[in-house]
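If you count the sequence shown from 1, position 99 lands on 90 in my numbering, and the numbers rise without skipping. Working notes for the structure below.
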Amino acid sequence: METFSRGTLAGEPDGGLAPEYVTGLVEGAGSFTFSRSSKQLTLYFALKLPIEDRPLLEGLQAFFGVGRIYENGSSAYYRVTRHQDLPIVVRHFERVPLRSRKAAAFDLWKQMVDAKQSFRRPDREQLEQLARQLSSRR
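Below you can see the structure in the form of structure tokens.
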């Protein structure tokens, strides 16, 4: 079985998390989503856990080698939002796929990532259609 993470590929610590564990964690606590401000669509991958589990989010951040951790009250959030970092998340879930109904949300989100990566000016109509489909799954 292949193991991979951006951290280990770059010779950095991987946070001690197995790829299968990462996928399982995301099955339960992760989301593939977007936010909208005026005409701009921002894609992001996120996990929210109790503040006591912040070390787990730090391990996830080390595993992917990208993203930021935020705290808000009793919760901690791990988010990947940078345009150039999203394909790293996509590659992981292509290699170690989700098995729950969250897989369908990931597939739509991946299409949105691909659309935004493929063009300087992504097809807004395609992105809006995918966003509506993703929103209907929430």
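A virtual CB, placed ideally from N, CA and C, is assigned to each residue, including glycine.
State the DSSP-derived secondary structure class of residue 67, mapped to helix, strand or coil.
Position 76 of the sequence shown, counting from 1, holds the residue named residue 67. In the structure shown, residue 67 falls within a strand segment according to DSSP collapsed to helix, strand and coil.
Helix, strand or coil: which one does DSSP assign to residue 19?
Here residue 19 refers to the residue found at position 28 of the sequence shown. In this structure, residue 19 counts as helix in the three-state DSSP scheme.
Close Cβ partners of residue 26 (< 6 Å) along its chain, the five nearest in sequence each way excluded:
Counting from one through the sequence shown, the residue named residue 26 turns up at place 35. Only residues of its own chain outside the window of five on either side were considered, and among them 33 have a CB closer than 6 Å to the CB of residue 26, listed in chain order.
Using the Cβ count rule (16 or more neighbours within 10 Å means buried), how would you classify residue 69?
Here residue 69 refers to the residue found at position 78 when the sequence shown is read from its first residue. Burial call: buried.
Collapsed DSSP secondary structure at residue 31 in the structure displayed
Indexing the sequence shown from 1 puts residue 31 at position 40. The answer is strand: DSSP assigns residue 31 an E or B state.
Taking 7 Å as the limit between beta carbons, can you name the residues of its chain near residue 93, skipping five residues before and five after?
Translated into the one-based positions of the sequence shown, residue 93 becomes position 102. Excluding residues within five positions, the ones whose Cβ falls inside 7 Å are 18.
Could you tell me if residue 95 is buried or exposed, where buried requires 16 or more neighbouring beta carbons within 10 angstroms of its beta carbon?
Locating residue 95 in the sequence shown gives position 104, counting from the first residue. Answer is exposed; the Cβ neighbour count stays below 16.
Touching by the beta-carbon criterion (3+ pairs, under 8 Å), the region 34 to 50 and the region 64 to 79
Touching, per the Cβ criterion.
Uninterrupted alpha helix (DSSP H) stretches inside the region 48 to 124 (no shorter than 4 residues)
Runs of the alpha helix (DSSP H) lying entirely within the region 48 to 124, each at least 4 residues long, are 77 to 86, 93 to 109 in chain order.
Whole-angstrom distance between residue 56 and residue 2, CA atom to CA atom
Position 11 of the sequence shown, counting from 1, holds the residue named residue 2. Position 65 of the sequence shown, counting from 1, holds the residue named residue 56. Per-residue confidence for residue 2 stands at a pLDDT of 35, beneath the threshold of 50, marking its modelled position as unreliable; no derived number is given.
Could you tell me whether the Cβ atoms of residue 104 and residue 77 are closer together than 7 Å?
On the sequence shown, residue 104 is found 113 positions in, with the first residue counted as 1. On the sequence shown, residue 77 is found 86 positions in, with the first residue counted as 1. In this structure, residue 77 lies closer than 7 Å to residue 104 by Cβ.
Other residues of its chain near residue 61: CB distance less than 6 Å, five sequence neighbours each side excluded
Locating residue 61 in the sequence shown gives position 70, counting from the first residue. Correct list, in chain order: 68.
Using a threshold of 7 Å, state whether the C-beta atoms of residue 101 and residue 81 are closer than that.
Position 110 of the sequence shown, counted from the first residue, corresponds to residue 101. Position 90 of the sequence shown, counted from the first residue, corresponds to residue 81. Yes, these two residues count as a Cβ contact at 7 Å.
Pick from 73, 29, 21, 30: whose alpha carbon is nearest that of residue 51?
Here residue 51 refers to the residue found at position 60 of the sequence shown. When each option's Cα is compared against that of residue 51, the closest is 21.
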